[in-house]
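Working notes for the structure below.
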Amino acid sequence: MYKQLIKASLLSVTMVMFTACKDEDNGIGEGPGTSGPVTDVNDIEFGGSVPATYVFERNSETSISFSGQTARLAMNKEILGYFSVTSGKTASEVEAAFDHQAGALDFVDAGSLGLNDSSKSVKSKIAASDDLFGNDVVAGDAVKAVFSGYISSNASEVVVNKDNVAAAGSAGYVTNGSNTRYVSAKGLEYNQAFAKGSIGALIADQVLNNYLGSQRLSNSEYIAAHEAETLDGGNYTKLEHYFDEAYGYVYGDPSVDFESPVSYEGDAFLFKYITKVNSDTDFAGIQDQIFKAFKIGRAALVANDYDALNDAITVLQYQISKVMGVRAVYYLQAGKRALAAQDNATAFHDLSEGYGFVYSLQFTRNPETGAPYLSASEVTALIEKLEAGNGFWDLTDGTVLDEVSNTISAKFDFSTAEAAE
Amino acid sequence: MKNSIYLLVLACFFASCKTDASVEDCTNDSFNRGALLTNWADNIIIPSYDLYVSELSVVESASEDFIGNPDTVNLEVLRTAWMEAYNTWQNVSIYEIGQAEISRFRDYTNTYPLEVSVVEANISSGNYNLELSTNIEAQGLPALDYLVNGLGVTDAEIVAKYVSDGNATNYKKYLFDVVARLKSMATSVQEDWKGSYRGIFISNDCSSSTASLDKLTNDMIFNLEKVTRAGKIGIPIDFFGQPPVIAPEKVEALYKQNVSKELLIASIESSQDLFNGKHLNSETEGESLKSYLNELQIEAGGKLLSIVINDRYDAAIAQAETLDDDFYMGIQSDRAKYKITRDRIHSIIEVLKTNMISALGIKADYNDSDGD
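In order, the protein sequence lines correspond to chains D and X. Using my numbering, the first residue of the first sequence is number 588, and each one after it goes up by one. Using my numbering, the first residue of the second sequence is number 242, and each one after it goes up by one.
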């Protein structure tokens, strides 16, 4: 049964093959020769029934569990609050919350989720997917260090200068009368870099490259256990749980009606931006694409229909990646317009959000290649363009912003203009 | 149709690897694994066993002198000899392969904490068999620690156990038997290496789960993870405890009490030396995991991976240097410092278990859970 699933991961498997048999030219040419992977949820062929809501049960009890994801989303939100110049938190206190250890009193935990007692942490799952980082902890550690850097730089550069007016080359605040933004010497709001960067490094990486990745879902041992309905510490098989953990990173904020997620409520991460992109007429329907793909994928898993499961996963890879690509370009273009209007407070906020989404693109997953739409080094090159010289202060003529936007949109199948407004 | 293509592709993959393995070259690269194994065997492993056995001979003669004439001077000589051997043991501990693996050499030599009640019961009955696994926690270097450091507060009190105690004769006998067992196990592993095992080890130079390089690399990582990281720090500080309940009585060399740091550092350094192929007690380096990675030009984060790995070893050792000589007291006063050291050791393990073994085509032969 699971042979079909193998094709999903054919490319990554192929990569592994080449690593394993380096000296060999084994004659493996292109991947699938016929049509490419399914990217539209309406093209998935699945004969089974799909529930109207994300409700799956075994023996009349729910088989869904993603409390770990809910906890991490809540932790991440609190950590972001700690970036505020008035939070009173030191860099080491924020870092401790980011790298939370069970029992440490790092969180207010307004939702009573048991965050302080939890053994989960945000940092441990940053750039930690099996597929992208399973063989390269050094790369994963470098990404973790970038996020820790946002925390320490926020304290050492921004918080200490909160009462100074920012200028090219000096940190402080920028204001337009209605909004005040606290920025680095390059105009960057570190909280936005952290928030939007974690949509990729935490959420997309865990969803696309870990829980829905080939190491997990193509694992023949797990598939055999799933077909034998061997339960794994709960009312679910390991594969069901992995699938739901992916789902939980998207819809697991406690304020969200996860069975029927329509509005993002208190979510501040991926789901929020799915709905934002959905409200652009150029991308209308993307919210439904993602939710339906999750539902069909989960139903297909229950039905042991690995073809349909695989198709649902490629739809999710394509659509979720696209959300981040669109949002990166959207904010860079919004920043460009605000810079032209000489509204630096608005511009730097938009550009900071864009900066975070650009960073996130290295965690996307192109279903055609099995690799991210932009590699880590391609992303680094774009980030360097945004940070060159005095950073955002130097972007006023818009040429670099267009260049970066066009580089990104060329990797996807939308135009800069479509994403821009 | 589609599916059959995938199957075909997959079949090609397995076929190509298999053919490759059975014909000319049984590894996936041009590196000479035999040269590495020869360096490990001749310049590191066998010299380490030689040194360890010779140090146990010193322990043996010192214990005979002490048994013949129990006084504080002979006690101090025996104690010094024990500590020398304990230091070298940190290196030998890694090579749990061949006869060492079969005889559970590491378990019988250095399982701690010691079960003092079993030791005392054995002594008072005078009736025990140290070859039984039920006595694993009542022998080895930890039992010797107890017998030379733990029987009394002062040296005079310790000596009295061997002179005037009602069980004095049995104490002497237990000391004698613990030393004899330590030495006989070590000697049999040493002799095996110097006999047939060296050749078996070196000629098993392919790439597979049972190949020497794959196995010993796994042993090296396992030792660093379970023996160094968990045994010496993680367990005494109750790393995973929620809330942690520290267990200072679980430190290594509990009765001597001021050598835990020295033993920890020796353990990390031995691992690093094996990685670098550094000859025992010499600055010379031969073929090793380092030279293997360098030959394949493996990089991580823009640096040679071997440099990344050595940086992590160095950082762990530097952090370990900040610890107290005496972990028993130290973890009670500043657990956090120990936790940082533990995390530094963990970061070596992570890079060995991900970047290194995947670059060399070695499969981890033990697993841990992913924490979710």
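All residues carry an ideal CB built from backbone N, CA and C; glycine is no exception. Keep in mind the model is a prediction, meaning the values are calculated, not measured.
Taking Cβ to Cβ, would you say residue 661(D) is nearer than 7 angstroms to residue 705(D)?
Residue numbering aside, residue 661(D) sits at position 74 when the first sequence is read from its first letter. Residue numbering aside, residue 705(D) sits at position 118 when the first sequence is read from its first letter. No, the pair does not count as a contact, with Cβ atoms beyond the cut-off.
Check: What did DSSP end up calling residue 543(X) once you bin it into helix, strand or coil?
Finding: Walking along the second sequence from the start, residue 543(X) turns up at place 302. Residue 543(X) sits in coil when the DSSP states are folded into three classes, being neither helix nor strand.
Next item on the list: Within its chain, find whatever has a CB closer than 8 angstroms to the CB of residue 413(X); leave out the 5 residues flanking it on each side and keep chain order.
Entry: Position 172 of the second sequence, counted from the first residue, corresponds to residue 413(X). Cβ neighbours of residue 413(X) beyond the five flanking positions: 308, 311, 403.
- Query: Could you give the residue range of the alpha helix (DSSP H) that holds residue 942(D)?
  - Reply: As a first step, residue 942(D) must be located in the first sequence, where it is residue number 355. Here the alpha helix (DSSP H) through residue 942(D) covers 931 to 947.
Which listed residue (506(X), 277(X), 495(X)) has its alpha carbon closest to that of residue 469(X) | Along the second sequence, read from residue 1 onward, the residue named residue 469(X) stands at position 228. Comparing Cα-Cα distances from residue 469(X) to each of 506(X), 277(X), 495(X), the minimum goes to 506(X).
### Message
Could you check whether residue 782(D) and residue 772(D) sit closer than 7 angstroms to each other, using their CB atoms as the reference points?
### Response
On the first sequence, position 185 is the one that residue 772(D) refers to. On the first sequence, position 195 is the one that residue 782(D) refers to. In terms of Cβ geometry, residue 772(D) and residue 782(D) do not form a close pair [threshold 7 angstroms].
Note to self: Using a Cβ-Cβ distance cut-off of 7 angstroms, determine whether residue 483(X) contacts chain D.
What the structure shows: Residue numbering aside, residue 483(X) sits at position 242 when the second sequence is read from its first letter. Taking 7 angstroms as the threshold, the shortest C-beta distance from residue 483(X) to chain D falls below it.
Enclosing beta strand (DSSP E) for residue 768(D) [first to last residue]: Residue mapping note: residue 768(D) aligns to position 181 of the first sequence, counting from 1. Where residue 768(D) is concerned, the enclosing beta strand (DSSP E) stretches over 767 to 770.
Requested in this report: Identify each residue in the region 580 to 597 of chain X for which the Cβ-Cβ distance to at least one residue of chain D is less than 7 angstroms, and report them in chain order.
Outcome: Look at the region 580 to 597 of chain X: the residues with a C-beta under 7 angstroms from a C-beta of chain D are 591, 592, 595, 596.
Which residue from 452(X), 340(X), 455(X), 528(X) puts its Cα closest to that of residue 431(X)?
Position 190 of the second sequence holds residue 431(X). Nearest Cα to residue 431(X) within the set 452(X), 340(X), 455(X), 528(X): 340(X).
- request: Could you tell me which chain X residues have their CB closer than 7 angstroms to the CB of residue 723(D), listed as they occur along the chain?
  value: Here residue 723(D) is taken as the residue at index 136 of the first sequence, counted from 1. Residues of chain X passing the Cβ test: 541, 595, 596.
Drop a sphere of 10 angstroms on the beta-carbon of residue 370(X), count the other beta-carbons inside from all chains shown, and report buried for 16 or more, exposed for fewer. Here residue 370(X) refers to the residue found at position 129 of the second sequence. Label assigned to residue 370(X): exposed.
Using 8 angstroms as the Cβ pair cut-off and three pairs as the minimum, do the region 874 to 892 of chain D and the region 632 to 641 of chain D touch? Using a C-beta cut-off of 8 angstroms, the region 874 to 892 of chain D makes contact with the region 632 to 641 of chain D, since at least three inter-stretch Cβ pairs fall below that distance.
Taking contact to mean at least 3 C-beta pairs separated by less than 8 angstroms, is the region 495 to 509 of chain X in contact with the region 324 to 339 of chain X? Touching, per the Cβ criterion.
Fill in: Cβ neighbours of residue 418(X) in the same chain (closer than 7 angstroms, five flanking residues each side left out)
The residue given as residue 418(X) occupies position 177 in the second sequence. Excluding sequence positions up to five before and after residue 418(X), its CB lies within less than 7 angstroms of the CB of 371, all in the same chain and listed in chain order.
Given residue 737(D) as reference, the closest of 866(D), 926(D), 667(D) once Cα atoms are compared: Along the first sequence, read from residue 1 onward, the residue named residue 737(D) stands at position 150. Of the listed residues, the one whose Cα sits closest to residue 737(D) is 667(D).
task = Give a yes or no on whether 7 angstroms exceeds the smallest Cβ distance from residue 549(X) to chain D.
result = Within the second sequence, the letter at position 308 stands for residue 549(X). Taking Cβ atoms only, chain D reaches closer than 7 angstroms to residue 549(X), which makes this a yes.
- Establish whether the CB of residue 729(D) and some CB of chain X are separated by less than 7 angstroms. Your numbering for residue 729(D) matches position 142 in the first sequence. By this cut-off, residue 729(D) is an interface position.
query: DSSP state of residue 676(D), grouped into three classes?
result: As a position in the first sequence, residue 676(D) is number 89, starting the count at 1. Residue 676(D): coil per DSSP, three-state reduction.
Applying a beta-carbon distance threshold of less than 7 angstroms, which residues of chain D neighbour residue 599(X)?
Start at 1 with the first residue of the second sequence, and residue 599(X) comes out as number 358. Taking a Cβ-Cβ cut-off of 7 angstroms, the neighbours of residue 599(X) in chain D comprise 722, given in sequence order.
Spatial neighbours of residue 829(D) in its chain, beta-carbon cut-off 6 angstroms, leaving aside the 5 residues before and after: In the first sequence, residue 829(D) corresponds to position 242, counting from 1. Only residues of its own chain outside the window of five on either side were considered, and among them 798, 803 have a CB closer than 6 angstroms to the CB of residue 829(D), listed in chain order.
If you reduce the DSSP assignment to three classes, tell me which class residue 475(X) lands in.
Numbered from 1 along the second sequence, position 234 holds the residue referred to as residue 475(X). Looking at residue 475(X) - three-state DSSP - the assignment turns out to be helix.
### Query
Excluding sequence positions up to five away, which residues of its chain have a Cβ less than 7 angstroms from the Cβ of residue 845(D)?
Numbered from its first residue, the first sequence carries residue 845(D) at position 258. Closer than 7 angstroms at Cβ, skipping near neighbours: 641, 838, 839.
Tell me, to the nearest whole angstrom, how far the beta carbon of residue 685(D) is from that of residue 741(D); I am working on the premise that it is less than 8 angstroms.
-> By one-based count along the first sequence, residue 685(D) stands at place 98. By one-based count along the first sequence, residue 741(D) stands at place 154. Going by Cβ atoms, the distance from residue 685(D) to residue 741(D) rounds to 12 angstroms, so no, they are not a contact pair.
Using 7 angstroms as the threshold, is the C-beta distance between residue 746(D) and residue 681(D) below it? Taking the first sequence and counting its residues from 1, the one referred to as residue 746(D) is at position 159. Taking the first sequence and counting its residues from 1, the one referred to as residue 681(D) is at position 94. Contact flag unset, no.
ask   = Is residue 1004(D) helix, strand or coil when you go by DSSP?
value = Residue 1004(D) sits at position 417 when you count from the first residue of the first sequence. Judged by DSSP in its simplified three-state form, residue 1004(D) adopts helix.
| query | Identify the residues that DSSP records as bridge partners of residue 759(D): which are they? | reply | The residue given as residue 759(D) occupies position 172 in the first sequence. Answer by DSSP bridge pairing, in chain order: 770(D).
* Hey, does residue 690(D) have any beta-carbon neighbour from chain X nearer than 7 angstroms? -> Taking the first sequence and counting its residues from 1, one reaches residue 690(D) at position 103. Put simply, the CB of residue 690(D) is near chain X, with a gap under 7 angstroms to one of its CB atoms.
Exercise for review: Report yes if the CB atom of residue 967(D) is closer than 7 angstroms to the CB atom of residue 960(D), and no otherwise.
Suggested key: On the first sequence, position 380 is the one that residue 967(D) refers to. On the first sequence, position 373 is the one that residue 960(D) refers to. Cβ atoms of residue 967(D) and residue 960(D): not closer than 7 angstroms.
Subject >> Boundaries (first-last residue) of the alpha helix (DSSP H) holding residue 790(D) >> reply: Numbered from 1 along the first sequence, position 203 holds the residue referred to as residue 790(D). It is not in any alpha helix (DSSP H) - residue 790(D) carries neither H nor E in the DSSP assignment.
| message | Suppose contacts are defined by Cβ-Cβ distances below 7 angstroms. Is residue 518(X) in contact with residue 524(X) by that definition? | response | Numbered from its first residue, the second sequence carries residue 518(X) at position 277. Numbered from its first residue, the second sequence carries residue 524(X) at position 283. Cβ atoms of residue 518(X) and residue 524(X): not closer than 7 angstroms.
*Can you give, in chain order, each stretch of the alpha helix (DSSP H) that sits fully within the region 377 to 436 of chain X and has at least 4 residues?*
The DSSP assignment places complete alpha helix (DSSP H) segments of no fewer than 4 residues inside the region 377 to 436 of chain X at 381 to 386, 396 to 404, 409 to 433, in order along the chain.
Practice problem: Run the CB neighbour count on residue 748(D), radius 10 Å, all protein chains shown included, and call it buried at 16 or more, exposed below. | Solution: Position 161 of the first sequence, counted from the start, is the residue given in the question as residue 748(D). Residue 748(D) is buried by the Cβ-count criterion.
Below 8 angstroms, how does it come out for the region 474 to 493 of chain X and the region 561 to 578 of chain X: are there three or more Cβ pairs, yes or no? The region 474 to 493 of chain X and the region 561 to 578 of chain X touch, with no fewer than 3 CB-CB distances between them shorter than 8 angstroms.
Please look up how many angstroms separate the CB atoms of residue 915(D) and residue 925(D), rounded, as I've assumed it's under 8 angstroms. Here residue 915(D) refers to the residue found at position 328 of the first sequence. Here residue 925(D) refers to the residue found at position 338 of the first sequence. That pair is no contact at about 16 angstroms.
Going by DSSP, what residue range makes up the alpha helix (DSSP H) through residue 526(X)?
To locate residue 526(X), count along the second sequence from 1; it is residue 285. Run containing residue 526(X): none; DSSP gives neither H nor E here.
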